[in-house]
Structures are given as structure tokens and as C-alpha cells.
Amino acid sequence: MLDLDGNDETLLAIGGETESQGFLNADQRQGATVNGKPSLTIAQAGLHLVGGEPGWSSALGVAFTVTYAFRSTAPAPMPEDTGGFTRFNAVQIAQAEYALQAWSDVANITFTRVGSGASGDQAYSNNAAILFANYATGQDGAAAFANYPGDTAASSASGDVWVNSTLNYNANPTVGKYGALVLVHEIGHAIGLTHPGDYNADGGATITYANDAEYYEDSTQYTVMSYFDEDVTGANFGGAYGSVPMLDDISAAQQEYGVNLSTRTGDTVYGFNSTAGRSWFSATSASSMLIFAVWDAGGVDTFDFSGYANVQTIDLRAGNFSSVGGLVGNVAIAEHAAIENAIGGSNADIIFGNALDNVIRGGAGADQLSGGGGEDVFRGTSAELAGDTILDFGFGDVIDILDVSETGFTFSQNGGVVAWGGGASLTLAGSSTGQLRATADGQGGVSLTFLAPVIHAANHFDVDFNGDGFSDLAWRHADGAFSTWTLGYPTPGARLATTSNVFVTGAVDKGWRLEATEDFNGDHATDLLWRNASGTFTIWSSTGQGFAPNTLVDSSVSSAWTLAATGDFDNDGRADLIWQAGGTITEWRSTGTGFERNVAVRNGVDSDLKLVGAGNFDQTAGDELIWRDADGAFAIWSAATGALSPASTNASVSSDWSLAALGDFNGDGRDDIIWRHSSGVFTEWQAGTTVGDFTQNVYVDGGVDPRWTIEGAGDFNHDGLDDLLWRNQDGVFTIWQSTGSSFTPNVLIDGSVDTSWSLVGSHGDFI
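Take 9 as the starting number for the sequence shown in our numbering and just add one per residue.
And the structure:
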């Protein structure tokens, strides 16, 4: 507040403070009474500092450019109760310009200097809106005072800043010292900010936090406009002071003049190895005392506190405080700013990420790391990661070990403990569960990631009997016996492998054909649909370890009807049925326990058309049907509720090309087509965003002997991309792994199954 003379005065010393209750982060603020004081949000506190006044501009949030200068001569008269005018010295000029720069970095207020340099007459002028000067006598009890904005005329006292030069800290202000706090505080008044409370130094008045602070966050931890030291809110700056706008000051200045969106829009490092271009953001030794709140308008940014040996807490969440370099609550991130990465020091640090994709490097020591939301990377050498605990490691996160090679790398996973060569280990705590896989990180190291449950579109079906996200194999022997094989990584870091004969039964009469392998009840595990010569069909529901036979038996469909296709046509996660008899087709919708019959019927289908599959070719709600005629042309039909109708046609494929597989080979949620020529050549067509829109021949391979047939497609390695399953006339099968744009041949080869066993399945998985 202004005193009776229209001036603000900063106290030399303040006593009688109450004991701190601990500082509050952004999500803890507002409403609650803490230490006898209400708490304000960052935005509320910022608006409180603004006081509802527009500052130099015409209204709140409006940018402004104001001139400033370092006064050349004393005004006539001097401000009331002052005397002993002197010019600012070179150190004062430098620190004042740092403070002005710090305010303009965060908000759209531009300061234009009249004069230049730090000495000589050219450095000084009386012709500016804001004038800086020293006084030596009067204003008892004050270190400095400033006037609020008003008339921009040089003759007006509005915005002028006066500093008591008899105080050594004012005569020699530097970053981290009290004189620097004095300047940034007074400039705050000069641009329109008030004190957090209705107090003002006047003749050495005693002002206390207990009696005069109106809300909890009234301390120099939150705002340079406060009279009260940081310790009243639980921080400890180790005898140093903030030299730049703090957390609530940034909010205030941005509400006053608008947000500066051009400040540090590139990738910026704060702390050690700083690239911020501001001395107050830079640490150069273990004794550096950082005190700042950072506003950053863009880029991928990093907090680097690697040069400290103290136990530290680093928090990347906006509005929260970090405690680094032996201080407490000394670094904050402004509301709506984003810092993506953090580097800890050589002690046992605690690091919190945010909702972005963070890269967190704890450094030496047994660190506790939490990535928060996003897909986070926990990075370090073996020695740095050893002993660390990751509190929230999940699907999409990465452990990046920098100093090991994928070649020969082995690791073990025992519960939450992950160990690797040389005796190093870390702990995955909390709800971190899953099987890890090791891959090259592209930088010479190794990445460990969870094999995440792959989330396909609801209507994407691969044969997966145990619901683990790996496509499985279904075999039928010539004598009727049935067996399932699962795929996966048997141990962490191992190669893809099969587990044979997970479920075997010889009890299925040869008169029953396995006509579909689909998830009919929506539990993410593949069920079996058997049908006999009379038309009766039955469903065996997967239990994960085997099958519950005959959970549904239906004898109402005559043998004149063939099961022509299966797919999820209503996008509910359950497979539906398409029946065909001559030129009539009908759709049955799964209810989970049975089927709703004839929800769509179409008569008069041309006898020249053959239904060859179903897939989601445009990523809309529900699968479509794909038909071909005798000349090779194909058509895609919608199977939406109440309609079975053509949506697109394509006549560019000749009849010597067969549809070999359907699957999502590039991971975009749309099913693509693999065409195979009679010569053995195969090509991939990738589906576009509209029905029938395909990018043709994105991958072509002419080197596969025609004696190898494509048995189907499935996501055999659990990476979200469908792969190809081949088998030759001798019974040998192999898997070609999709890379998204091509295929890696023979990632798994198995010659153990003789030709009396056939692969069985449907929906483009095993055609």
C-alpha cells in the first residue's frame, strides 16, 4: 500500500514472525485456513497483488511500453522527507536492468531506456516515465520507495524509484543479495503491484506476519512484494534473497499486462549448464544459491541440478516448489509453464514429473522417481540407476540404461526388482507390474519397457486365447484333435517364442469344424465357434487357461447357411456373425451371452460375388465386409445397423491376385490388405481415412517361394502392429514382424509341426 505521502517503503528489518507450517504447492492452495491464514490460488494471489488497477496500460491484460532512465540531476523539489541525491552507480544500473528484464520476460510490459551505458553523462537522463535515483537522508526505516504508475510525463513522479544509498546492500546490489530484492520489489510497485497486505513501513512501524498478513502465501517465497521472509511459509533460502519475480508475482504481472509468449520458446536448460541467458537461472558450483520462479513459453526444457550433493526434491509440476542446492522451496515453475526434464545430483533425490513426456535422470544416489502422466524416460548409467526406486513405472515408460549394449545384455525381473549385469538393480514400486522387454535405445544403450496390453479398435480381432496381448495359434489335427499354442517372451530379455500345447483336446469329433476364432463375449480372450454338418453351432468360451465347452449351442441354422464372415460390426467389442445362403445375407449381433438375429438382411446378392473377409478399413465404428468377383474386382460394404450396402468398389486388382491377409500393419487403427500373386509376390495396401481409399503397394516383396503360403496375420510380438504368419508344404512356419512400413522376415521359425496339423482361424487371422 502507499503511505500518506504516496510512497511505498520497504522495511529494513521485520520481527515477531510466527513459526512456519510448511509451504503449499499449487494443488494444496485455496480455501483452507493454514497457520491461521486463508490460502489463495496462484491466480487469486496474483489478482490481489494487482489490486484491480490497470497499471500503466488502459485496462488489465493490455500490453504497454514505458520509458525509464537513471536520473541525472536531483528534482526540484526532492521527494518529501528526503535529501542527498546521487546518481545510480554502475552496479546499481546493472542490477536494475536485470530486474526490469525479469519483469518483461514474464509479461507484456516493455521497458525502453533513455540513455546508455553504466557511466558518463550518456548513462543518465531525466527524460523518462520511470526514473531511478538514490537518496541519503530521510524516510526513516525505509530501504527504498517507489510511486505507482500514472502520468508518463518525465516531469511526473509516477513510477519513480528511490533507493537509500547509505545502505551497503543498496549501493552494491547483486543477484541473491537483499539489494537486488529491494530493486525488483520497487519496480513491482512502479508497474502497479501492491503489497499482499494492507501494510506499509512508516517511521519504523513494527509489522508482523501474525498481525498483518492477510493470507498464507504472503512471504518472499511466493512474492517479492511481501515484507515477510520465506521461512514464515516453510521455505529456507539460506540467507539469500530472490532477485526476480516469484510465483505469484508472475501471475500478477501477466494479469496486469498479458502473458509474454516469446520468452524462451526454444529448448532451455535451467540450473547447471544453463542456456537461459539470465544469471539468476544459472548455477556454476555446488555453492550456487538458486532462488527463482521460471516462466518459459515453449520448447523442451530441463531443470539441471546435477552439480549439487545435497538431498533434493525436484518437482516439474507447474505451481509447485523444488528444494535444491541445500535450500528449501527455492525454485518454482510458474502456472501454465512447462518444464519437461529433470537431472538430479549426487545424493538421494526425490523427483516428480508432470503430465508431459518427461526425461528424468536422478544421478547418483538412491533416488525416488515419479514420472506422473505421459510416457516418461528414466535415464542414467548403470551406477546412477542402481538403487533407485521408480514409484509409478507403467506402460509407455522407459528405463534407459546408457552404458550397456544390447548385445549380450541380460536382466532379471523378480517382482518389482529389476537387476542387470554388474550387480546393478532398481525397484519398480507401487502398481508397476508387467513383463519387461529390452531393446536398443538408438544411442548405444538399452531401453527396458513394459509389454503393454495393446489397445486396438474395439472391432480388431486377433486370435488371443489367454488375453495377454500376444496373438496365439490354433491347430487342428487330421484326426480331430485340437491344440492351442501361445506366443510371448518366456523370460525378460528373451526372444519371441512359442509355448506349445497349452490346451489340447482329442474329444472333438471330426464332424465338427472350427469355423471361427473370435471374442464373442467381449472379455478380450478369443473363443471358439464349432459347427457340424447339420448346421448346429456351439461356442467354447476361453477361460484364459483353456475353454468352457458349449457355453452356447444353437441348432436353428440349417446347413444351407454358411458362416461367411465374422467381425465387430457395431463396435461393442464383441464379434458378430454374417450368414449367407445363396443371394441372401443376414447379420447376427452378439449380446455377450447369445446373438440378436437378423439385425440386417440383404437379398439379391450377385452370385458372382464372394465374401472374402471383414475389417475396419476407415477407423469408423464397426467393421465392413469385403467382396470379390470372378474378375478380381473387390467391393467394400457397410454393415451398419439395419444396412448391408456397398460403400466402395475397386476394379484394379486382377483375378491372379488373392487376398492373403487382413490386418493393421502400420498401427493406425485401420485394417490393411495383403495381396498375393500366383507367382509368390505379395504387396501391402494401406487403408486410408475413407472406405475404399487405399495407398497401394506400400511394401512389395517378390522373393517368397509360392510354396510358402500366408496363413494369416496377428500381433505376435505385442507391439500394436500385425505381423504375417507363413507356412510351407513341409509344415514349417515362420513369422514376419511388421515394422510399420515393411516386414522383418523370420523372427521366429518352427519346424516341429508335421503336415497332419493345420492352422485354423478366421477374420483374416488365419485365412
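Just so it is clear, CB atoms sit at the ideal spot from N, CA and C, and this is done for glycine as well.
Everything numeric in this text was worked out from a predicted model, so none of it was measured.
Find out if the Cβ-Cβ distance for the pair residue i, residue j is shorter than 8 Å.
i	j	result
T81	Y143	no
A374	D396	yes
S295	G54	no
N4	G630	Outside the shown range of the chain, which is 9 to 775, sits residue 4, and nothing can be said about it.
F96	M86	no
G274	G307	yes
L560	L571	no
L189	Y249	yes
E526	T574	yes
V412	G429	yes
L269	A340	no
V367	E348	yes
V169	A261	no
S293	V183	no
G640	V661	yes
T697	D616	no
W716	W734	yes
Quick one: measure Cβ to Cβ for residue i and residue j, integer angstroms, because I've assumed they're closer than 8 Å.
i	j	result
F642	N624	Not quite, the Cβ-Cβ distance comes to about 16 Å (not below 8 Å), so this is no contact.
S666	R684	5 Å
L504	N725	5 Å
G388	L410	7 Å
T271	D237	So it is not a contact: roughly 28 Å between Cβ atoms.
W111	G200	About 11 Å; that fails the 8 Å criterion.
F417	V454	5 Å
Give every residue of the same chain whose Cβ lies closer than 6 Å to the Cβ of residue i, excluding the five residues on either side of it in the sequence, and list them in chain order.
i	result
G739	V761, D762 and T763
D672	D679 and D730
D323	S330 and F360
T75	T120, V122, A136 and A137
D365	G382 and E383
I351	D312, S314 and R369
T592	N611
G543	V565, S566 and S567
H464	Note that H464 has pLDDT 40, beneath the 50 cutoff, so the model's placement of it is unreliable and the number below is only indicative. Once the five neighbours on either side are set aside, H464 has no close Cβ partner at all.
Within its chain, find whatever has a CB closer than 8 Å to the CB of residue i; leave out the 5 residues flanking it on each side and keep chain order.
i	result
G552	F473, N474, G475 and A533
F289	Y278, G279, S282, L298, F300 and V302
T599	R582
E264	V58, P62, G63, S65, L68, G69, A115, I117, I199, G200 and L201
Tell me which residues share the same chain as residue i and place their Cβ nearer than 7 Å to its Cβ, disregarding the 5 neighbours each side in the sequence.
i	result
G748	N674, G675 and L729
F31	Q229, T241, G242, A243, F329 and G337
S433	A394, V425, V426 and A427
A651	A608
W232	Residue identity check: residue 232 is Val in the sequence provided, not Trp. Contacts found: L189, V192, H193, G196, G250, P253, M254 and D257.
Judging by CA-CA distance, which residue of the options is the nearest neighbour of residue i?
i	options	result
V319	Y217, A326, L335 and D304	L335
A622	P714, G60 and A647	A647
N362	A346, G370, A356 and W538	A346
E383	T73, F311, G371 and F403	F403
R817	V183, D614, D257 and F577	This structure cannot speak to residue 817, because the chain is shown only from 9 to 775.
P181	N116, A98 and A131	A98
D517	A524, G488, F511 and A505	G488
A221	T160, D113 and G44	G44
S750	W693, T717, F702 and W734	W693
S567	S549, T507 and N540	N540
N509	H485, F386 and Y707	H485
L536	A482, T494, T507 and W569	A482
A104	N134, A84 and A141	A141
In whole angstroms, what separates the C-alpha of residue i from that of residue j?
i	j	result
P557	G381	42 Å
T601	R582	10 Å
T120	F153	21 Å
L756	L732	11 Å
V689	N754	17 Å
D637	G710	25 Å
T202	T214	19 Å
I117	T73	6 Å
V699	G353	55 Å
V192	F78	15 Å
Q588	G477	32 Å
T691	F528	31 Å
E343	D449	33 Å
W635	G266	60 Å
R521	V768	10 Å
T435	A668	46 Å
Verify the CB distance criterion: does residue i have a CB-CB separation below 8 Å to chain C?
i	result
G543	Among the chains in the structure shown there is no chain C, since it carries only a single protein chain.
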